[in-house]
Amino acid sequence: MPEVLKAPLVVEFPFTRSLGPVQSAFLTGLRDRVVLGVRTGDGRTLVPPVEYDPVTAEEIRDLVEVAPTGTVTTWAWNHEPRRGQPLETPFAWVLVRLDGADTALLHALDAPGPEAVHTDMRVRVRWADDRVGAITDIACFEPYDGDAAQPTGHSGEFADPVTGIVAAARLDYTYSPGRAQTAYINALADRRAVGERCPACRKVYVPPRGACPTCGVATSEQVEVGPAGTVTTFCIVNIKAKNLDIEVPYVYAHIALDGADLALHGRIGGIPYDQVRMGLRVEPVWTEGGRYPDHYRPTGEPDADYETYKELL
Amino acid sequence: MSKEPVAVTGIGQTKHVAARRDVSIAGLVREAAQRALDDAELTWADIDAVVIGKAPDFFEGVMMPELYLADALGAVGKPMLRVHTAGSVGGSTALVAANLVAARVHGTVLTVAFEKQSESNAMWGLSLPIPFQQPLLAGAGGFFAPHVRAYMRRTGAPDTVGSLVAYKDRRNALKNPYAHLHEHDITLEKVQASPMLWDPIRYSETCPSSDGACAMVLTDRAGAARAPRPAAWMLGGAMRSEPTLFAGKDAVSPQAGKDCAADVYRQAGIADPRRDIDAVEMYVPFSWYEPMWLENLGFADEGEGWKLTESGVTELDGDLPVNMSGGVLSTNPIGASGMIRFAEAALQVRGQAGEHQVDGARKVLGHAYGGGSQFFSMWLVGAEPPDA
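Quick mapping for you: the protein sequence lines, in order, are chains S and R. Note that the first sequence covers residues 1 to 313 in my numbering. Note that the second sequence covers residues 314 to 701 in my numbering.
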């Protein structure tokens, strides 16, 4: 069996976050080197703060300052920091209960090695030089053997609060289209459209999926279809999509290749966009090195009768 | 043993807008949930379980947001479930919650759905650069426009029908204080003059992108007996799914939608939906889906749906009002959109829809669909309990 195709797929986006009143105060505080928690109905102080009491579900807004010093409640050594983590050299992930808080905050502890870290050790905040109102304004924690620092008595009110952040997210995948689509893509390299026929319902799927979605059985019988086909329906795209190098207007069509039992999607060219119609007979146009037909153009045949393709829209 | 009748005793939603920069996601869902509790005159302690839904995590980029929303929804120490069926999720979330009551697993369940589209990018989330695939299209409009053209070809509907739907829904939205779009100067001419985006779909025939949340309190007979305001009763509810693309799929009138509606009507004893149902709140993200769903849901014969729209039957004062709230065309926080449909149906039979109330609405259908016409969820609610 030929090798199955694989390629990296990177999914990344700079998501925005509206912070709401509590997270706004917390992150603005970090910018100003102040750590704020929130007081619950039963008098506990939660750091990092939340908007709603986890016990009573009541809205909580009573912000209180805690010290930038605290105690490690548990930890794990990170041998190999990844991109975007707080430190580039190996460090400990720690939960730190800051002095004055009843809950612990997750962050990084800068320590020479796991032998230098233990539960109950004392630590303090190391502030980042450039602070913008983000959790990274705490660069990390560092070992500390002094007394608990005294809070400054901050009210939690700020003249120019941070109200939103940008949270860049990125996921790295290795994508494989699987056996059936690999065979389809390999055949396209020879400019042939090869689908698979379902052994039960006899329908031909192009592109093939390796299984029939209606019958739930595996498909393997290869069937070459096309190259010509019929435009079964379409739309005229008038808005330019980002990352899509196609001039508008263009016609996006469902094309039933001859011999296929459902339409695939393609662009129609070689004809003014406003003359494209349902039933138009088309054939693929390839460009050098293209993995797919660049577009489909009219064959010049008479239009297909609606009855012949009305089940293939 | 028969099912426990399910009552809607609390409904809450946010004022839907393009961007709610003043609240976090937690603050947004909380606002709707608190309003639903207030409507039912209940407290967080009265809720036995929480069922939450939203569209794909990719949209806001918060993985499993239900985990962090447990505090905001009073769910700590209680069962909390997440439902996920793309755009139909608001409907299926309500049905999962309703089934917990119907099965007597819980007495009173809070259900909530949301989307904060301003913090997300749905078009990006739906157009990931999958290797080896040919990028052709971005967003939902281009996906659905060819199906609209197929509907027009199949039925011979005049090409003005879509604009009539948009004009009606935007006017209905003016009567709904929670609707996102309030286009006070809307005219039919403006709709018809708006730019063609994905021909045959015009700009004014597409849904907006909204931040919003919707919540409902669902309860059993005992809970309904204690409720301060009239309840809406679930008379039938069903979900169906089918693949987005398969040989023989009818994208204009999907079999899963027909089957889902038939199941709801069977449960509710509806012989003739056109006669027996007073109003419909359906998921119409692009205007032409109104006549398409009218046929799919059995309110018109195949090929005849557009005639109901064209003749004014679906107007707010028509014989079968459709999308009294202004619909998805006026408000679209994607994950919440299905639940807003369900909630509007319930508001109508409770007589609490305010300016967009349909006089004498006793049985109203709420409908949602999602994916590439892939998931369907519907419920029929009535002013009287089942078999009363």
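Just so it is clear, CB atoms sit at the ideal spot from N, CA and C, and this is done for glycine as well.
Identity of the residue in the options nearest residue i by Cα
i: Trp619 (chain R); options: R:Ala528, R:Phe372 and R:Gly469; result: R:Gly469
i: Met552 (chain R); options: R:Arg534, R:Ala528, R:Gln580 and R:Phe559; result: R:Gln580
i: Ala92 (chain S); options: S:Asp99, S:Asp102 and S:Pro81; result: S:Pro81
i: Glu283 (chain S); options: S:Leu188, S:Glu142, S:Ala57 and S:Thr299; result: S:Thr299
i: Thr69 (chain S); options: S:Gly29, S:Arg126 and S:Val55; result: S:Arg126
i: Val483 (chain R); options: R:Pro598, R:Val319 and R:Asp672; result: It should be pointed out that residue 483 (chain R) corresponds to Arg in this sequence rather than to Val. Nearest C-alpha to Arg483 (chain R): R:Pro598.
i: Glu354 (chain R); options: R:Val402, R:Val414, R:Thr421 and R:Ala339; result: R:Thr421
i: Ala385 (chain R); options: R:Ser433, R:Ala528 and R:Ile443; result: R:Ala528
i: Glu247 (chain S); options: S:Thr233, S:Ala263, S:Tyr144 and S:Ile268; result: S:Ile268
i: His397 (chain R); options: R:Arg588, R:Lys328, R:Asp563 and R:Ala368; result: R:Ala368
i: Gly616 (chain R); options: R:Val565, R:Pro699 and R:Asn645; result: R:Val565
i: Met637 (chain R); options: R:Ala320, R:Gly667 and R:Pro444; result: R:Gly667
i: Thr40 (chain S); options: S:Tyr250, S:Thr56 and S:Glu12; result: S:Thr56
i: Ala149 (chain S); options: S:Val94, S:Asn238, S:Thr71 and S:Pro2; result: S:Thr71
i: Glu115 (chain S); options: S:Pro143, S:Arg124, S:Asp130 and S:Val132; result: S:Pro143
i: Val194 (chain S); options: S:Ala200, S:Ser220, S:Cys201 and S:Val206; result: S:Val206
i: Pro2 (chain S); options: S:Asn186, S:Leu19 and S:Thr16; result: S:Asn186
i: Ser337 (chain R); options: R:Gly582, R:Thr473, R:Val671 and R:Glu432; result: R:Glu432
i: Ala411 (chain R); options: R:Arg466, R:Pro318, R:Ser401 and R:Asn434; result: R:Pro318
i: Cys215 (chain S); options: S:Val276, S:Asp130, S:Lys203 and S:Glu224; result: S:Lys203
Own chain, CB closer than 7 Å to residue i, minus 5 neighbours either side, in chain order
i: Trp511 (chain R); result: Gly454, Gly455 and Ala458
i: Ser176 (chain S); result: Val4, Leu5 and Lys6
i: Ser24 (chain S); result: Pro161, Val162 and Thr163
i: Leu408 (chain R); result: Gly550, Met552, Ser690 and Trp692
i: Arg281 (chain S); result: Ala228, Thr230, Pro298, Thr299, Glu301, Asp303 and Ala304
i: Val626 (chain R); result: Asp632 and Leu633
i: Arg467 (chain R); result: Val565 and Gly616
i: His736 (chain R); result: No statement about residue 736 (chain R) is possible, as the shown extent of chain R runs from 314 to 701 and does not include it.
Within chain R, partners of residue i - CB distance below 7 Å
i: Ala169 (chain S); result: Gly374
i: Thr16 (chain S); result: Glu432
i: Phe13 (chain S); result: Gly374, Asn434 and Trp437
i: Val185 (chain S); result: For the sequence presented, residue 185 (chain S) should be read as Ile rather than Val. Simply Phe445.
i: Arg267 (chain S); result: Leu449
i: Pro213 (chain S); result: Pro556 and Phe559
i: Leu106 (chain S); result: Neighbours of Leu106 (chain S) on chain R: none; closest Cβ ~14 Å, over 7 Å.
Where residue i meets chain R, residues with beta-carbon distance less than 8 Å
i: Val55 (chain S); result: Val389
i: Gln23 (chain S); result: Ser337
8 Å Cβ shell around residue i - same chain, five flanking residues per side excluded
i: Ile514 (chain R); result: Gly454, Phe457, Ala458, Val461, Gly475, Phe599, Ser600 and Trp601
i: Pro21 (chain S); result: Glu51 and Arg61
i: Thr287 (chain S); result: Asp294
Within chain R, the residues that residue i reaches when beta carbons sit closer than 9 Å
i: Leu262 (chain S); result: Leu558, Phe559, Ala560, Gly561 and Lys562
i: Tyr296 (chain S); result: Those within 9 Å of Tyr296 (chain S) in chain R number zero; the least Cβ separation is about 12 Å.
Amino acids of chain S, ordered along the chain, whose beta-carbon sits closer than 7 Å to that of residue i
i: Ala458 (chain R); result: Cys235
i: Trp619 (chain R); result: Neighbours of Trp619 (chain R) on chain S: none; closest Cβ ~17 Å, over 7 Å.
i: Ile443 (chain R); result: Leu9 and Tyr175
i: Ala463 (chain R); result: Thr233 and Leu313
i: Gly455 (chain R); result: Cys235, Val237 and Tyr252
Own chain, CB closer than 6 Å to residue i, minus 5 neighbours either side, in chain order
i: Arg290 (chain R); result: With chain R represented from 314 up to 701, any question about residue 290 (chain R) goes unanswered, as that position is not in the structure.
i: Ile653 (chain R); result: Cys527
Chain S contact residues for residue i, given Cβ-Cβ distances below 8 Å
i: Val336 (chain R); result: Ser18 and Gly20
Residue i: contacting residues in chain S (beta-carbon distance under 9 Å)
i: Arg466 (chain R); result: Thr233, Met278, Tyr306, Lys310 and Leu313
i: Trp357 (chain R); result: Thr56, Ala57 and Glu58
Which residues, in chain order, does the segment 539-560 of chain R contribute to contact with chain S at a C-beta distance below 8 Å? Pro556, Leu558, Phe559 and Ala560
May I ask you to list, following chain order, the residues of the segment 228-241 of chain S that have a beta carbon less than 7 Å from some beta carbon of chain R? Thr233, Phe234, Cys235, Ile236, Val237, Asn238, Ile239 and Ala241
Sufficient close CB pairs (3 or more, under 8 Å) joining the segment 681-697 of chain R to the segment 648-665 of chain R: yes
Relative to chain R, which residues along the segment 138-171 of chain S have a C-beta separation below 8 Å, given in chain order? Thr163, Gly164, Ala167 and Ala169
Cβ pair count under 8 Å reaching 3, the segment 213-230 of chain S against the segment 249-263 of chain S: yes
If contact is defined by three or more beta carbon pairs under 8 Å, each pair taking one atom from either stretch, is the segment 343-360 of chain R in contact with the segment 284-303 of chain S? Touching, no.
Quick check: the segment 43-55 of chain S against the segment 96-106 of chain S, are there 3 or more CB pairs under 8 Å? yes
Would the segment 421-438 of chain R count as touching the segment 564-574 of chain R if we require 3 or more Cβ pairs under 8 Å? no
Between the segment 402-424 of chain R and chain S, which residues of the former have a C-beta closer than 7 Å to a C-beta of the latter? none
Taking any Cβ of chain S, which residues in the segment 502-530 of chain R have a Cβ under 8 Å from it, in chain order? Pro508, Met509, Leu510, Trp511, Asp512, Pro513 and Ile514
Output, in sequence order along the chain, the residues in the segment 190-202 of chain S whose CB is closer than 9 Å to any CB in chain R. Cys198 and Cys201
Between the segment 30-64 of chain S and chain R, which residues of the former have CB atoms less than 9 Å from a CB of the latter, in chain order? Val50, Glu51, Tyr52, Asp53, Pro54, Val55, Thr56, Ala57, Glu58 and Glu59
Name the residues in the segment 639-657 of chain R whose C-beta lies less than 7 Å from a C-beta of chain S; which are they? none
Kindly confirm or deny that the segment 639-652 of chain R and the segment 497-511 of chain R touch, where touching means at least three C-beta pairs closer than 8 Å. no
Contact between the segment 673-680 of chain R and the segment 521-537 of chain R is defined here as three or more beta-carbon pairs at a separation below 8 Å; is this criterion met? no
Take every Cβ of the segment 83-91 of chain S, pair it with every Cβ of the segment 109-120 of chain S, and state whether three or more of those distances are shorter than 8 Å. yes
Between the segment 555-563 of chain R and the segment 325-340 of chain R, can you find at least three pairs of beta-carbon atoms closer than 8 Å? no
Report the residues of the segment 60-93 of chain S with a CB closer than 8 Å to any CB of chain R, ordered along the chain. none
May I ask you to verify whether the segment 320-327 of chain R touches the segment 387-394 of chain R, counting CB pairs closer than 8 Å and requiring at least 3? no
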